Every structure is written in structure tokens, then in C-alpha cells.
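Written below as C-alpha cells is the structure these notes are about.
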Amino acid sequence: MNYSRKIASAVAMACLLGTQVPASAQSLNLTLAGASPGGLWTLMGAGLDAALKKGAPGSSVTYQTTGGGFANAAMVSQGRAEIGLIHDAELAIAVAGGEPFQQPIENLRTIGYLYDWAPMQFVVNKSFSDEYGITSLADLVEKEAPVRITINRAGNITGQVASAMMAAAGADDEAIAAWGGSVVQAGSSEQSGLLLNGRVDVYTNGVFVGHSSIREIENSLDIKILDIPEDVRKSVAEEFSIGEFTIPAETYENQPEAIETVALGAVLVASEDMSEEDAYTLTKAILENVAEIQTVHPAMADLTTELLVRETAVPFHEGALRAYREAGLMQ
Numbered sequence: 008m009n010y011s012r013k014i015a016s017a018v019a020m021a022c023l024l025g026t027q028v029p030a031s032a033q034s035l036n037l038t039l040a041g042a043s044p045g046g047l048w049t050l051m052g053a054g055l056d057a058a059l060k061k062g063a064p065g066s067s068v069t070y071q072t073t074g075g076g077f078a079n080a081a082m083v084s085q086g087r088a089e090i091g092l093i094h095d096a097e098l099a100i101a102v103a104g105g106e107p108f109q110q111p112i113e114n115l116r117t118i119g120y121l122y123d124w125a126p127m128q129f130v131v132n133k134s135f136s137d138e139y140g141i142t143s144l145a146d147l148v149e150k151e152a153p154v155r156i157t158i159n160r161a162g163n164i165t166g167q168v169a170s171a172m173m174a175a176a177g178a179d180d181e182a183i184a185a186w187g188g189s190v191v192q193a194g195s196s197e198q199s200g201l202l203l204n205g206r207v208d209v210y211t212n213g214v215f216v217g218h219s220s221i222r223e224i225e226n227s228l229d230i231k232i233l234d235i236p237e238d239v240r241k242s243v244a245e246e247f248s249i250g251e252f253t254i255p256a257e258t259y260e261n262q263p264e265a266i267e268t269v270a271l272g273a274v275l276v277a278s279e280d281m282s283e284e285d286a287y288t289l290t291k292a293i294l295e296n297v298a299e300i301q302t303v304h305p306a307m308a309d310l311t312t313e314l315l316v317r318e319t320a321v322p323f324h325e326g327a328l329r330a331y332r333e334a335g336l337m338q
């Protein structure tokens, strides 16, 4: 081989080696089990896609609409989606094998906590509150008020948590009926209308502080937010692996003091069958590009890398642990 051909060969080999991608940066094409189209989880899917594209060029996260967190737990467990979004309370139910699951789901692993600030809010018509002297869920029970209360439909986690909160306070369906009241199950889009039309006295949902659905009610109706007793908060938080939450004073009109309650959150999960390298690549991309998720919606602005490592009802994936340890976020 002459000198010029040796140089050409060496340059070609250098170019080849220079373009090889390290294993940790291999591109991933993941399906994300989300929820209905157009909501916050859709935007979070777009943020995850952008973060992964930056962290591992050539990668993608494809958002798949589903029935929500319960469906996502099954899909990821069965390998029909690589990753999924699931409420923290739904995750606790899945690993315990509670309804709607026939048996515990044991192969889910946490990639990261994405938010934990969707508080359960009991919104009461102020005229009803004033009539019976009710400022907390405990007052409702003590005075056995004939309350008409709407919770989300069966199978929706906010309805499930609301029912548990009421039962823990001594206001289950039977008790409310005995007081002359009723429990009305309705979809989120219907609930506010029931309160505005005077068909119920209390509306419950797990939504962000200052959510548009509550603001719309407040624009037409004087309301109060019911405080949740400590024993109820602790009981329900333990049952569903969720956290307690404080709604700041004066968030709403007629709310001079802070309101104590519990809050739902969202967790990104994968199956334990996902390779350690893939889970590491995904988690590292999220860590290094968390701003891509923070900016998809004002509600996500408080996401921090520290929140990502909050414990959930299932263990972290080994690949996620590796990324968090490298970042100094976990031991």
C-alpha cells in the first residue's frame, strides 16, 4: 500500500470511529401510555419526547391515548407500551391488586415522579356552608348535614380517593343517606355544572390549585374549600401512597386561611424488563433536559430533579437508580 493510500485508510478509519455512538447514547423509540388526547398528560408526553431527543439524538417518545393510569399499569406490565404515566394512588392500587385489578402487578418500576401537587379539593356552595356552619369535612360529619355531594365516576382515581376520604371522616354513602343527603357520581366535565345549577352542594376533584374548573365556578357562585382533618389525611395518604398538601391562604375568595388536604401526583413507570441501559438513557435525558417538561404547561413549572427521586409504591428501575446516583441525587 503506498503512502497516500495509507493516509486515506487511516482517515477513513478515524472518521468511522469518530461517528460511532456510545452505548449510553443509543437512540430509543418508546411508546408512552398516557390518557385522553389534549390534556396535561399529552403535553407531558411532548416534553418527554423533547427531553429524550436532546439526550439521545434520533430517539422518540410516541404518545398513545388510553383510558388512563389503571389501563397504563396493565399496558406497561404486559409489554404493550415501554413506559406509562400513572397516578401515584393508582400505582399503589396496582401493586396491591386492588380494584380494578384481579391480582397484584409486580413488575412495574419507577423512572421518576413528575408532579405531586394535584390536591383533593372539596368545593362547597357558601350558602350551604353558612347555613350549617361547615368549614371542614369534620363539621359535615359532626352536624350530619344533608349534603348532596358529587364525586367522579367509578373507576376514576379522584372519585376513589374522595370516597376514601369521606369514609375515613365518617361520611360514607350510607351515613350521608341517613342524614338526608346523597352522593352523585359524575364525570369531571359534569361536576361543576351540578354545583352551579344547585343540584349538589359540594363538588370534589383532584386538580391543581386555581384550576380553571374551580375558577369558573367561583366566577358565578360564592364558594368555600373544606379543610380535611389530620387523621383523615394521614389515613388516606398511607392507604394510597400519596402526600399531604397545603392550599395557600387566599388562593380563592372566602378562603382567609390555608387548607390542609392530600394530593395526587403522576409517576413515569417502566417494566422491570426494560434494559438497564435503556432506563439509564431515558432517566439521564430527563435529568439533563428537565426544562423541556417544565415548560409544557404552567402547572409543570415546579418540577425539579429532586422531585424525580421521591419514593413511590414501587422500586426504582436499576437504570434510573444508576442515573440518579451519578447525578448525586441518591445514595
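Last residue of the sequence shown? That's 338 in the numbering used here, and every number before it is there in order.
Note that CB positions come from ideal geometry on N, CA and C, so glycine has one too.
Predicted model only: the values in this text are computed from it and were never measured.
Beta carbon proximity, residue i to chain D, threshold 8 Å
i      : result
Asn114 : Absent from the structure: chain D. Only one protein chain is present.
Burial state of residue i (16 or more Cβ within 10 Å)
i      : result
Pro126 : buried
Asn204 : exposed
Gly119 : buried
Glu299 : buried
Gly74  : exposed
Gly45  : exposed
Gly140 : exposed
Ala362 : Because the chain in this structure spans residues 8 to 338, residue 362 falls outside the shown range and cannot be described.
Arg222 : exposed
Gly86  : exposed
Lys231 : buried
Thr319 : buried
Gln109 : exposed
Gly65  : exposed
Ala6   : The question about residue 6 has no answer here: the residues shown for the chain are numbered 8 through 338.
Gln198 : buried
Gln33  : exposed
Ser196 : exposed
Ala101 : buried
Ser227 : exposed
Ala88  : buried
Beta-carbon proximity list for residue i, same chain, < 8 Å, skipping 5 on both sides
i      : result
Trp186 : Glu151, Ala152, Pro153 and Val154
Ser134 : Asp229
Leu201 : Thr157, Val191, Ala193, Val207 and Tyr210
Ser143 : Leu233, Asp234, Ile235 and Pro236
Val243 : Val168, Ala171, Met172, Ala175, Ile249 and Val269
Counterpart residues of residue i in DSSP-defined beta bridges
i      : result
Ala40  : Gln71 and Gly91
Asp234 : Ser143
Gly213 : Met127
Ser343 : Within the shown structure, residues of the chain are numbered from 8 to 338, placing residue 343 beyond reach of any answer.
Phe323 : Thr117
Tyr122 : Ala273
Arg254 : Checking the displayed sequence, the identity of residue 254 turns out to be Ile instead of Arg. BP columns for Ile254 point to Ile266.
Asn79  : Paired residues: none, contrary to the question.
Asn132 : Ile230
Cβ shell of residue i (< 6 Å), same chain only, five flanking positions each side left out
i      : result
Gly105 : none
Val316 : Tyr331, Leu336 and Met337
Leu39  : Gly52, Val68, Tyr70 and Ile90
Ala145 : Pro236
Met8   : Note that Met8 scores 41 on pLDDT, short of 50, meaning its location in the model is unreliable and no value can be drawn from it.
Ala327 : Ile118, Ala286 and Thr290
Glu283 : Glu325 and Gly326
Ser136 : Lys231
Ile266 : Ile232, Asp234 and Ile254
Gly76  : Ile93, His94 and Glu97
Thr165 : Asn159, Asn212 and Gly213
Asp280 : none
Arg329 : Tyr287
Gly188 : Pro153, Val154 and Arg155
Distance between beta carbons of residue j and residue i, contact taken as under 8 Å
i      : j      : result
Val276 : Leu98  : 7 Å
Ala286 : Glu325 : 7 Å
Tyr122 : Leu310 : 6 Å
Val239 : Ala176 : 5 Å
Trp124 : Phe252 : 7 Å
Ile254 : Asp95  : No, Ile254 and Asp95 are not in contact; Cβ-Cβ is about 18 Å, not under 8 Å.
Ser278 : Leu115 : 7 Å
Met173 : Asp179 : 6 Å
Own chain, CB closer than 7 Å to residue i, minus 5 neighbours either side, in chain order
i      : result
Leu47  : His304 and Ala306
Ala161 : Gln192
Asp56  : Ser67 and Val68
Glu225 : Tyr259 and Glu260
Glu333 : none
Leu35  : Leu59, Ala63, Ser66, Asp285, Thr288 and Leu289
Pro107 : Phe77 and Gly162
Ala184 : none
Ala308 : Gln301
Phe129 : Leu144, Val209, Thr211, Ile232 and Leu233
Ala103 : Pro111
Ser43  : Thr72
Problem - Start-end ranges of the alpha helix (DSSP H) lying completely within the stretch 256-311, minimum 4 residues - result: Counting only runs of 4 or more residues that sit fully inside the stretch 256-311, the alpha helix (DSSP H) segments are 283-295 and 298-301, in chain order.
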